[in-house]
Amino acid sequence: KEKAAGAISNLAANNDNIVAIAEAGAIPPLVNLLTSGTADAKENAAGALWNLAANNDKNKVTIAEAGAIPPLVNLLTSGTAIAKEKAAGALWNLAANND
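The working numbering numbers the first residue of the sequence shown as 17 and each following residue consecutively.
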């Protein structure tokens, strides 16, 4: 699971893949990993959500509706240094106004 989340994170770094990844249903399992995964899985899931939320309002709504905000906030205090950075990035992108 953690390797899959890492692969999704890498794929989501390319804007052409962001919509396809979300449409394939990747967001809810990534959100689940934020609370139930290993430390590495949490880092990778937060990184994937960070990338998926970049400049895509539909994904932002989907991520928020999937319940990602509370576990991302939790990672800011309880996660590894890398998880904290990726959670902060995800929250930043979720809060950004693209207009």
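Ideal placement from N, C-alpha and C gives every residue a C-beta, glycine not left out. Quantities reported herein were computed from a predicted structural model and do not represent experimental measurements.
I think residue i touches residue j, with their Cβ atoms under 8 Å apart; what is that distance to the nearest whole Å?
{"i": "Ala75", "j": "Ile34", "result": "The residue you asked about is not Ala; residue 75 is Asn in the sequence shown. With a Cβ gap of about 6 Å, Asn75 and Ile34 count as contacting."}
{"i": "Ala64", "j": "Ser25", "result": "4 Å"}
{"i": "Leu50", "j": "Ala62", "result": "7 Å"}
Assign residue i to one of three DSSP states: helix, strand, or coil.
{"i": "Thr93", "result": "helix"}
{"i": "Ala103", "result": "helix"}
{"i": "Asn54", "result": "Residue identity differs from the one stated: residue 54 is Thr in this sequence, not Asn. In this structure, Thr54 counts as coil in the three-state DSSP scheme."}
{"i": "Asn26", "result": "helix"}
{"i": "Lys76", "result": "helix"}
{"i": "Lys17", "result": "coil"}
{"i": "Ala69", "result": "coil"}
{"i": "Ala84", "result": "coil"}
{"i": "Ala112", "result": "coil"}
{"i": "Ala40", "result": "coil"}
Do residue i and the ligand SAH come close, with the Cβ less than 6 Å from some heavy atom?
{"i": "Ile43", "result": "Looking at this structure, you won't find the ligand SAH or any other ligand, since it has none at all."}
On the CB-based measure, 16 or more other CB atoms within 10 Å of its CB, does residue i come out buried or exposed?
{"i": "Pro87", "result": "buried"}
{"i": "Lys19", "result": "exposed"}
{"i": "Asn141", "result": "Summary: the structure shown does not reach residue 141, with the chain confined to residues 17 through 115, and so no result is reported for it."}
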